[in-house]
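What follows is a single structure, written as structure tokens, with notes after it.
2 protein chains.
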Amino acid sequence: MSDRLYLFDTTLRDGAQTQGVDFSVADKEAIASALDMIGIDYIEGGWPGANPTDDAFFQKPPRLASATLVAFGMTRRPGRSAENDPGLAPILSSKAGAACLVGKSWDFHVDVALEIEREENVAMIRDSIALAKERKGLAMYDAEHFFDGFKANKAFALDCVTAAYEAGARWIVLCDTNGGTLPDEIERIVAEVTAHVPGSHLGIHAHNDTENAVANSLAAVRAGVRQVQGTINGLGERCGNANIMALIPSLVLKMGMDCGVSKDRLKDLTGLSRLLDERLNRQPNRHQAYVGDAAFAHKGGLHVSAVAKDPRTYEHIDPALVGNRRHIVVSDQAGRSNVVAMLNEIGVELEEPALRRLLERVKEQEFKGYAYDGAEASFELLARRTLGEVPDYFDLIRFRVIDERRRNAIGNLVTESEATVMVEVAGEQAMRVANGNGPVNALDTALRDALKGRYPDLEAMHLIDYKVRIMPPAADGTGTDAVTRVTIESRDEAGARWTTVGVSANIIDASVMALYDAYAYRLFRAGARGA
Amino acid sequence: MSDRLYLFDTTLRDGAQTQGVDFSVADKEAIASALDMIGIDYIEGGWPGANPTDDAFFQKPPRLASATLVAFGMTRRPGRSAENDPGLAPILSSKAGAACLVGKSWDFHVDVALEIEREENVAMIRDSIALAKERKGLAMYDAEHFFDGFKANKAFALDCVTAAYEAGARWIVLCDTNGGTLPDEIERIVAEVTAHVPGSHLGIHAHNDTENAVANSLAAVRAGVRQVQGTINGLGERCGNANIMALIPSLVLKMGMDCGVSKDRLKDLTGLSRLLDERLNRQPNRHQAYVGDAAFAHKGGLHVSAVAKDPRTYEHIDPALVGNRRHIVVSDQAGRSNVVAMLNEIGVELEEPALRRLLERVKEQEFKGYAYDGAEASFELLARRTLGEVPDYFDLIRFRVIDERRRNAIGNLVTESEATVMVEVAGEQAMRVANGNGPVNALDTALRDALKGRYPDLEAMHLIDYKVRIMPPAADGTGTDAVTRVTIESRDEAGARWTTVGVSANIIDASVMALYDAYAYRLFRAGARGA
Numbered sequence: 001m002s003d004r005l006y007l008f009d010t011t012l013r014d015g016a017q018t019q020g021v022d023f024s025v026a027d028k029e030a031i032a033s034a035l036d037m038i039g040i041d042y043i044e045g046g047w048p049g050a051n052p053t054d055d056a057f058f059q060k061p062p063r064l065a066s067a068t069l070v071a072f073g074m075t076r077r078p079g080r081s082a083e084n085d086p087g088l089a090p091i092l093s094s095k096a097g098a099a100c101l102v103g104k105s106w107d108f109h110v111d112v113a114l115e116i117e118r119e120e121n122v123a124m125i126r127d128s129i130a131l132a133k134e135r136k137g138l139a140m141y142d143a144e145h146f147f148d149g150f151k152a153n154k155a156f157a158l159d160c161v162t163a164a165y166e167a168g169a170r171w172i173v174l175c176d177t178n179g180g181t182l183p184d185e186i187e188r189i190v191a192e193v194t195a196h197v198p199g200s201h202l203g204i205h206a207h208n209d210t211e212n213a214v215a216n217s218l219a220a221v222r223a224g225v226r227q228v229q230g231t232i233n234g235l236g237e238r239c240g241n242a243n244i245m246a247l248i249p250s251l252v253l254k255m256g257m258d259c260g261v262s263k264d265r266l267k268d269l270t271g272l273s274r275l276l277d278e279r280l281n282r283q284p285n286r287h288q289a290y291v292g293d294a295a296f297a298h299k300g301g302l303h304v305s306a307v308a309k310d311p312r313t314y315e316h317i318d319p320a321l322v323g324n325r326r327h328i329v330v331s332d333q334a335g336r337s338n339v340v341a342m343l344n345e346i347g348v349e350l351e352e353p354a355l356r357r358l359l360e361r362v363k364e365q366e367f368k369g370y371a372y373d374g375a376e377a378s379f380e381l382l383a384r385r386t387l388g389e390v391p392d393y394f395d396l397i398r399f400r401v402i403d404e405r406r407r408n409a410i411g412n413l414v415t416e417s418e419a420t421v422m423v424e425v426a427g428e429q430a431m432r433v434a435n436g437n438g439p440v441n442a443l444d445t446a447l448r449d450a451l452k453g454r455y456p457d458l459e460a461m462h463l464i465d466y467k468v469r470i471m472p473p474a475a476d477g478t479g480t481d482a483v484t485r486v487t488i489e490s491r492d493e494a495g496a497r498w499t500t501v502g503v504s505a506n507i508i509d510a511s512v513m514a515l516y517d518a519y520a521y522r523l524f525r526a527g528a529r530g531a
Numbered sequence: 001m002s003d004r005l006y007l008f009d010t011t012l013r014d015g016a017q018t019q020g021v022d023f024s025v026a027d028k029e030a031i032a033s034a035l036d037m038i039g040i041d042y043i044e045g046g047w048p049g050a051n052p053t054d055d056a057f058f059q060k061p062p063r064l065a066s067a068t069l070v071a072f073g074m075t076r077r078p079g080r081s082a083e084n085d086p087g088l089a090p091i092l093s094s095k096a097g098a099a100c101l102v103g104k105s106w107d108f109h110v111d112v113a114l115e116i117e118r119e120e121n122v123a124m125i126r127d128s129i130a131l132a133k134e135r136k137g138l139a140m141y142d143a144e145h146f147f148d149g150f151k152a153n154k155a156f157a158l159d160c161v162t163a164a165y166e167a168g169a170r171w172i173v174l175c176d177t178n179g180g181t182l183p184d185e186i187e188r189i190v191a192e193v194t195a196h197v198p199g200s201h202l203g204i205h206a207h208n209d210t211e212n213a214v215a216n217s218l219a220a221v222r223a224g225v226r227q228v229q230g231t232i233n234g235l236g237e238r239c240g241n242a243n244i245m246a247l248i249p250s251l252v253l254k255m256g257m258d259c260g261v262s263k264d265r266l267k268d269l270t271g272l273s274r275l276l277d278e279r280l281n282r283q284p285n286r287h288q289a290y291v292g293d294a295a296f297a298h299k300g301g302l303h304v305s306a307v308a309k310d311p312r313t314y315e316h317i318d319p320a321l322v323g324n325r326r327h328i329v330v331s332d333q334a335g336r337s338n339v340v341a342m343l344n345e346i347g348v349e350l351e352e353p354a355l356r357r358l359l360e361r362v363k364e365q366e367f368k369g370y371a372y373d374g375a376e377a378s379f380e381l382l383a384r385r386t387l388g389e390v391p392d393y394f395d396l397i398r399f400r401v402i403d404e405r406r407r408n409a410i411g412n413l414v415t416e417s418e419a420t421v422m423v424e425v426a427g428e429q430a431m432r433v434a435n436g437n438g439p440v441n442a443l444d445t446a447l448r449d450a451l452k453g454r455y456p457d458l459e460a461m462h463l464i465d466y467k468v469r470i471m472p473p474a475a476d477g478t479g480t481d482a483v484t485r486v487t488i489e490s491r492d493e494a495g496a497r498w499t500t501v502g503v504s505a506n507i508i509d510a511s512v513m514a515l516y517d518a519y520a521y522r523l524f525r526a527g528a529r530g531a
């Protein structure tokens, strides 16, 4: 038996069950590719036949370097052959490399939810797994509610998993579907199961309903399972699934497990965590284990001085191992070391008094509602402006946007946006007007039309994302009204991406500020001279 | 030895170390009182002498029904007697009922951070605990970095804790200060320690740096400790402390422990969790175990139909036990059973063929980019419109919004938004114009101005949140262009909140749709007649 541990990510399937989560096909492709790059063994992409997004994803799956793409589905229906089951067909004919079929293993569910004979449930598992193995080569069985089932009726639960094993399942995944099992129970039950199915064919699928999903997964590994399922950032319905961002570093760095994610790939974990939050337009959890922004933040004075002597005094691992970094959070000093670390990252060297000027500027901007985490291009511009390196490329003297809903010539209601801008560039004023499918699109088109003569570099860039966040007024009444923060992501023809930010009480104004920085960053990178 | 388990909350001390957390004295009083009410045994209120807030809190501590208020501090400095230590004095003279003193137990820290003789460290613990016991009656020792210390130098770590025990400490709290220890190590080490100090005098203080703080605490309890420390919602620096919101229900409901929080008080846990978030002006974590808003939310269609038959099929406990409740979520993952359950929740009875029409309508809308999970008011309107229950309150014939940046009379750049609307209500057309600090604000003001004569109910409602998401075009080219989804949350004077959604290629158009539903929902609830 190999002692290799296999990682199985279900962000795109079980994670997609989360309230408020709605992946597009492009999201799925980007996330699958990132999981593949980091060395995840199995990527569950969705459920062919369940919805148009999953159908489209499996029709043209992304090319993966080493991971196996898995299609999820259910075992056949009662009273029907696996070959003639319309639910199974799209899974077995999909372009995925493996099929993972869920079935019941708790007698209560068979009796109450399915309302069928228990023997028929075992037959459904056996037939479906055998057919999936025949058609796909690699079949897995998700034993739903296995731990509840084992506690209620051990013999029946074991019948279900041994049926799958004997039918040729490469993996039998023990699911704590309701998430209510505690780690010591998981460890004890898994140990009992290994007497029936070898651990090298067992997996664990844990949910976080008691905040023990990670501990339950580790307990199962200690008891012998060799496949671990989870999701990026613990995404998943109710309280989420086991968080692979926490599982992988503990498995590799602390338990010394041999798995597809090698030690040197761990440094991509923090980036993978952020990728998911960006795709979902979510605020990252600062306090997330290993990869959170605050996971290695030190606030208390005694902690900070000890960390300065030796980081091991208050850090359980070197943050660089997982691609994270230390933050020192002590009034002025804190801001400073943070800003210096960010400057190092973008390769800007700043000395006094410019550094102090930049620090003050960052503080002012943050007070206004700016956040430079995730808007590195705007931060770099701020830093380089402090050094006088960034010219004023143009002056937006005024603009006007009109959004109008009216009936068109054939009587349909249409909404159109029209932007008029007046810019001054190289001493000359230019006025342009453009239509767009929204106010920001219209402004972007009009501005670039006005600027392209002087700055041809702006032609080949595109806005690819636009995010809005309302920052509520401070509860203690110190701030003023709510402000709007707009973040814009841009891309050039070579695939480079950069993110800029604008803040104002007015969403259009904030958008214009973020657009201005988006152009300025592109022009600075291209080495354009100022006007 | 009693088998009673004692709960120790350190939200107001260790939780206050969290970046961005800054309790006022009033916050501390409110939180301490709530912890007392629920039956927590020890409430650590802060560190007298460390800052003015903690001084003020301990000068006039809140009256507690059953909990003991604990003052935190450090063992005496090296080379000084405990009696003459200026750091210890404010703790020992405070009005708290007990003192908890932290000291080193890891030789590496004694050598590197303190740079003192190891014998002196043991003497510091012994002297300080003896004096605290004499002055306060009840003394505790927080053994900082105990687990790292035990692994590095077992004899020295044990010397530190036995010195505290022999000096009269009621509790010796084993701290996993850096949070890097895994549950199996915790269990093994605690079991070894119980050979030197009885478990009835041992506590556990875990941090969440590997996402195992809850599991580590439970493992320590299994190994014999009888005091558990943690914070509300897992507040704490870096990745947080052990979360008592997850610990308490597992200890009481699953492990059957006898502790100060009786089974019937558990139902106040969800409220306690929200209280902290309100005090900190934070968005509650929807996915938090037991108490999160989504902890008992069901989205998948099969799950929803099984829960309708028996909630135990997909719920590990009855949500009412912890003061939480079930939510049914609508989505494209779901199908008929989900929509039906959602209808039940809002009290709408729909039969065929109306149900089929609604299902088709939901699918069409989702294909356009709508998402109803998180926009329940728009879903309810959709359902009730299928039944013909919702009148057309008004017709927005056309609108125009102008956003303009220009110089004002004193030469400053200002950006203003102006909206013009024409509505038809009760057979009459009305045109209004309004300014706003953004296009949506201007539209909202103009629309309500045009409608308030006919619908006075619209006057007392307010928009409280506005979210934007760009849905990119499908990668397979099946969709059309990107669309924008706008979600608006509204509130009325009685505090009711509702969320509506609009989707369009144009952000302003999408906003208008979400606004329309926001008004319609308010009017429907108020029983307004249509125009």
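Top to bottom, those sequences are chains A and B.
With full-length UniProt numbering applied, the first sequence corresponds to residues 1 to 531, in that order.
With full-length UniProt numbering applied, the second sequence corresponds to residues 1 to 531, in that order.
The beta carbon of each residue, even a glycine, is placed where N, CA and C say it ideally should be.
Please read these numbers as outputs of a predicted model, since none were measured by experiment.
In this structure, DSSP gives Glu349 of chain A a state outside helix and strand, which the three-state scheme calls coil.
Secondary-structure assignment with DSSP links Asn435 of chain B through a beta bridge to B:Glu418. With the criterion set as a beta carbon lying under 7 Å from some beta carbon of chain B, the members of the region 220-237 of chain A are Arg222, Glu237, in sequence order. In the displayed model, Glu404 of chain A falls within a strand according to three-state DSSP. Secondary structure remark: continuous beta strand (DSSP E) runs of at least 3 residues inside the region 211-246 of chain A, in chain order: 227-230.
Within 10 angstroms of the beta-carbon of Lys154 of chain A lie fewer than 16 other beta-carbons, which makes it exposed. 8 Å or more divides the Cβ of Ala16 of chain A from the Cβ of Tyr42 of chain A. The three-state reading of DSSP puts Met255 of chain A in coil, since its state is none of H, G, I, E or B.
In the three-state scheme derived from DSSP, where H, G and I count as helix and E and B as strand, Gln429 of chain A is classed as strand. For Ala206 of chain B, none of the residues of chain A pass the 7 Å Cβ criterion, the least Cβ distance being about 11 Å.
Listed along the chain, the chain B residues whose CB falls inside 9 Å of the CB of Arg406 of chain A are Ile397, Arg398, Phe399, Arg400.
From the listed residues B:Ala213, B:Asn178, B:Cys239, the smallest Cα separation to Val228 of chain B is found for B:Ala213.
Of all residues in the region 503-515 of chain A, only Ser504, Ala505, Asn506, Ile507, Ile508, Asp509, Val512 come within less than 8 Å of chain B when Cβ atoms are compared, listed by chain position. Residues of chain A with a Cβ closer than 8 Å to the Cβ of Asn435 of chain B do not exist; the shortest Cβ-Cβ separation is about 11 Å.
Cβ-Cβ separation between Ala164 of chain A and Tyr141 of chain A: approximately 4 Å, consistent with a contact (criterion under 8 Å). In this structure, Thr177 of chain B sits near His145 of chain B, with a CB-CB distance shorter than 8 Å. Using beta-carbon distances, Asp277 of chain B does not count as an interface residue toward chain A, since no partner is under 8 Å. For the region 102-127 of chain B, the set of positions with a beta-carbon nearer than 7 Å to some beta-carbon of chain A reads His109, Val112, Ala113 in chain order.
Judged by beta-carbon spacing, Ile488 of chain A lies within the 8 Å limit of Tyr466 of chain A, meaning their Cβ atoms are closer than that value.
Taking C-beta separations shorter than 7 Å and ignoring five residues to either side along the sequence, the partners of Val252 of chain A in its chain run Cys259, Val261, Lys263, Leu266, following chain order.
Membership of Thr386 of chain B in the alpha helix (DSSP H) is indicated by the continuous run 376-386. The DSSP assignment places 25-38 as complete runs of the alpha helix (DSSP H) inside the region 12-41 of chain B, in order along the chain (cut-off: 4 residues). Looking from the CA of Thr11 of chain A, the closest CA among A:Leu5, A:Asp27, A:Arg4 belongs to A:Asp27. Taking 8 Å as the threshold, the shortest C-beta distance from Gln19 of chain B to chain A falls below it. By the Cβ neighbour-count rule, Asp9 of chain A is buried, with 16 or more other Cβ atoms within 10 Å of its own. With fewer than 16 other Cβ atoms from the protein chains shown falling within 10 Å of its own Cβ, Pro353 of chain B counts as exposed. Shown here for Leu272 of chain A: same chain residues with a beta carbon closer than 7 Å to its own, the five before and five after excluded, namely Ala34, Ile38, Ile232 in chain order. About 14 Å separates the beta carbons of Leu350 of chain B and Leu381 of chain B, which is beyond the 8 Å limit, so they are not a contact pair. Classified as exposed, His462 of chain A has fewer than 16 neighbouring CB atoms from the shown chains inside 10 Å of its CB.
Exclusion of the five residues before and after Val102 of chain A leaves Met74, Asp142, Glu144 as the residues of its chain whose Cβ lies within less than 6 Å of its Cβ.
At a cut-off of 8 Å between beta carbons, Glu351 of chain A makes no contact with chain B. Lys467 of chain B is bridged by DSSP to B:Thr487. Counting every other CB atom within 10 Å of its CB across the protein chains shown gives His287 of chain B a total of 16 or more, marking it as buried.
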